[in-house]
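A short worksheet on the structure shown next.
Protein chains: 2
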Amino acid sequence: MGIIKTDSSYMISSYSVAGSLEKAGPLGDKIDFCEDGDDAFGKDTWEKAESEMQRLAATGAIGAAGIAPRDVDVAFSGDLINQCIASTHGIMSLGIPDCGLFGACSTCAESILLGAVFSSYVKNTALAVTSSHNCSAERQFRFPVEYAALRTPTSQWTVTGSAAFVVSPDKRDGAPRVTEGLLGRIADSGTDDLNNMGAAMAPAAADTLARYLKESGKSPADFDRIVTGDLGAEGSSLFLELVYALGYDVSSRHADCGLDIYDTERQDMHSGGSGCGCSAVVMSAKYLPMLRGKEIKNMLFIGTGALMNAMSVGQGNTIPSIAHLVALSSD
Amino acid sequence: MGIIKTDSSYMISSYSVAGSLEKAGPLGDKIDFCEDGDDAFGKDTWEKAESEMQRLAATGAIGAAGIAPRDVDVAFSGDLINQCIASTHGIMSLGIPDCGLFGACSTCAESILLGAVFSSYVKNTALAVTSSHNCSAERQFRFPVEYAALRTPTSQWTVTGSAAFVVSPDKRDGAPRVTEGLLGRIADSGTDDLNNMGAAMAPAAADTLARYLKESGKSPADFDRIVTGDLGAEGSSLFLELVYALGYDVSSRHADCGLDIYDTERQDMHSGGSGCGCSAVVMSAKYLPMLRGKEIKNMLFIGTGALMNAMSVGQGNTIPSIAHLVALSSD
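The following block contains the structure:
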């Protein structure tokens, strides 16, 4: 019931933008545009810097597709900042009809999934764009970075980055295709540890993957990669255990964008990267090129999001999570 | 290019929940469930009260459709609280795959539009649910209500309310139909007055309506009602002027949910009601019944949203806005 077939949704372009720590990581030379300095992108607030990243990413992806903003029918945009103002001010100047999303760190997958639906069914050319900025996120959810608060071993580093993708019904040589999508259910992890997002998100990722495999009748071996958004070291290990308990061993083909983006040990990133921008940048800089180069034939991308705000845990709530899945093919 | 045709999207049920001031307004006896007391809905925080309204509205709409939560393929949910936690905790227990949205006060129209797209194209049964709570919104965006801050004449009262709609591809006798939708572009009003949301939102509403009329070739006379979400008195007057300047006189058929929900003068509501819950409750309690009863044959519903957070204006930003349109027909 849940799997949505998308027969003509081609990811005809993508463009990634990131900060200096991301530049220093293993994907640094594959990210399209990196800030080599203070990560302010020429702006006077972190929130405006994040908007500027979205603007650069959106413009870059539209340019890479060889089209103009007026050729884009709809944007699906989102970020982590209160009321998604990074997206508002980021893509406003493009004048594209916009559908605002909130799925926490799962928003990248959510935006690609909706872009694929609008591409395949409504025959729209869609832009999917998301972002996060370490400094805007940290001061909103935890402490301003200037406080130099100690971080726990399970904590993750919110990625300073944004990426945009153009999804189109027009087939292009070499453009990977979104073949299917599955929207996630909200899972209640029972955890309330704001410094362990991986543990909060692992149950949703496991639920969505198991639902997909069960309903599609496919096995993990049918996919060259099963890539989660930002579970990090702690969350990835929990995810593999939970999926195993549900009857699937995906350990040999699992990867996590939160572990891809930094050299976690050398860069002292504790449990890895996180944020809306994490999976967006890694999808754009690593996995789409692998699909385009036929290095891998197909993959599942499972965006993961922790659903809380700076107040909700203090009010006695746990941290629920959600995970959205898109299946991608190289042909 | 922009108008999305939705040929089989029936609004088979709706259910509205609201607080005591809304109960005391002109729609009081048409709202399905009203709190007759402290608007806490049995909870110990305003945010939890808002979630409880969403839970009641979603459950009520699903029940009114004669189906169970497991029969709903997808939920489109959203609210005004940081990171949309009212929706998360409101609909989590239903176990429905969820697509989180953020469109500020336009989210009700956005959710119905996406529900209609998924209904018509993916053949999904969709739930569209949104909410706002006066006390959770005021303390987040302005001041806690206990401060009794003075309100300006242009200020609006955030509605305590939630409504849910089931949109299904299965035709039902008397169920109004979503015939078309148009996603809005982000408009920059140039205003930065946090106490005048109507002025911020009017340009987006005018842009969306004019785009729709131009592209469809229809005239205002083709619709029995043209209903905006929550422009209030100030915003409605600006909207009519802007639309007139664009070549259309809609004054004789325009109504605004923000002016429908309260007896503005008697209840001392200044410029009227606002919030995600405002248009949701009024659509459910007033306009859908008018369509069902063939009192009106068709209408346009233009949800309006102001895109800012508690910090963005302080950082020197204006308040951009967005407006999404759905066209509804009684047959």
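As you go down the protein sequences, you meet chains A and B in turn.
With the first letter of the first sequence counted as 1, position 62 gets the number 81 in the working numbering; the numbers rise by one all the way through.
With the first letter of the second sequence counted as 1, position 263 gets the number 282 in the working numbering; the numbers rise by one all the way through.
Ideal Cβ placement from N, Cα and C applies to all residues, glycine included.
For clarity, every value in this text was computed on a predicted model and none was experimentally measured.
Just so you know, the alpha carbons of Ser-130(A) and Glu-284(B) end up roughly 43 Å apart. Legend: CB atoms of the region 130-153 of chain B lying less than 9 Å from CB atoms of chain A belong to residues Leu-132, Leu-133, Val-136, Phe-137, Ser-139, Tyr-140, Val-141, Asn-143.
Distances from the CA of Ala-206(B) to each of Ser-271(B), His-343(B), Asp-58(B) were compared; the closest alpha carbon is that of His-343(B).
DSSP lists no beta-bridge partner residue for Trp-65(B). Contact check for Ala-274(B) and Ala-183(B): beta-carbon distance about 22 Å, past the 8 Å limit, so the pair fails to qualify.
For Met-318(B), the enclosing beta strand (DSSP E) covers residues 317-325. Using beta-carbon distances, Gly-21(B) counts as an interface residue toward chain A, with a partner under 8 Å. Lys-24(A) has Glu-199(A) as its beta-bridge partners, per DSSP.
Counting the other CB atoms within 10 Å of its CB gives Pro-222(A) a total of 16 or more, which places it among the buried residues. Beta-carbon to beta-carbon, Val-246(A) and Met-318(A) are separated by about 6 Å, close enough to satisfy the 8 Å threshold.
Among the CB atoms of chain A, none fall inside 8 Å of the CB of Phe-52(B).
Residue range 295-301 is occupied by the alpha helix (DSSP H) that includes Ala-299(A). In the assembly as shown, Glu-234(B) is an exposed residue. Its beta-carbon has fewer than 16 other beta-carbons within 10 Å. Check the Cα spacing between Ala-68(A) and each of Tyr-34(A), Asn-153(A), Gly-122(A): the tightest is with Asn-153(A). Residues are counted here when their Cβ sits less than 7 Å from a Cβ of chain B; for the region 70-90 of chain A the count is zero.
Between Ser-35(B) and Glu-54(B) the beta-carbon gap is near 12 Å, outside 8 Å, which marks them as no contact. When secondary structure is reduced to three states using DSSP, Tyr-267(B) falls in the coil class, being assigned neither helix nor strand.
Identification of residues in the region 103-125 of chain A having a C-beta nearer than 8 Å to some C-beta of chain B yields Cys-103, Ile-104, Thr-107, His-108, Ile-110, Met-111, Gly-114, Ile-115, Pro-116, Asp-117, Cys-118, Gly-119, Leu-120, Phe-121, Gly-122, Ala-123, given in sequence order.
Residue ranges of uninterrupted beta strand (DSSP E) with 3 or more members, entirely inside the region 220-261 of chain A and ordered along the chain, are 244-247. Nearest in C-alpha terms to Asp-211(A), of all of Phe-95(A), Glu-41(A), Gln-334(A), Cys-118(A), is Gln-334(A). The contact set of Pro-339(A) on chain B, defined by CB atoms closer than 7 Å, consists of Thr-107, Met-111 in chain order.
For Thr-179(A), no alpha helix (DSSP H) run applies, since DSSP gives it neither H nor E. Rounded to the nearest angstrom, the gap between the Cα atoms of Gly-193(B) and Cys-124(A) is 41 Å. Within the region 194-219 of chain B, the residues whose Cβ lies closer than 9 Å to any Cβ of chain A are, in chain order, Leu-201, Leu-202, Gly-203, Arg-204, Ile-205, Ala-206, Asp-207.
Per DSSP, His-343(B) is not a residue of any alpha helix (DSSP H); the beta strand (DSSP E) it occupies stretches across 339-348. Chain A has a Cβ within less than 8 Å of the Cβ of Gly-97(B).
Among the residues of chain A, those whose CB is under 7 Å from the CB of Thr-64(B) are Gln-334, following chain order. Taking a contact to require three or more Cβ pairs closer than 8 Å, the region 249-257 of chain B and the region 289-297 of chain B qualify as touching. Using a Cβ-Cβ cut-off of 8 Å, Ser-331(B) counts as an interface residue toward chain A, since at least one Cβ of chain A sits closer than that to its own.
For Asp-249(B), no CB of chain A lies under 8 Å from its own CB, so it is not counted at the interface with that chain.
Inter-segment contact for the region 321-328 of chain B and the region 86-105 of chain A is present: three or more beta-carbon pairs are separated by less than 8 Å. Across the set Ser-33(B), Lys-62(B), Asn-215(B), the C-alpha of Ser-33(B) shows the shortest separation from the C-alpha of Asp-51(B).
Annotation: Cβ neighbours of Lys-67(A) in chain B (cutoff 9 Å, chain order): Gln-334, Gly-335, Asn-336.
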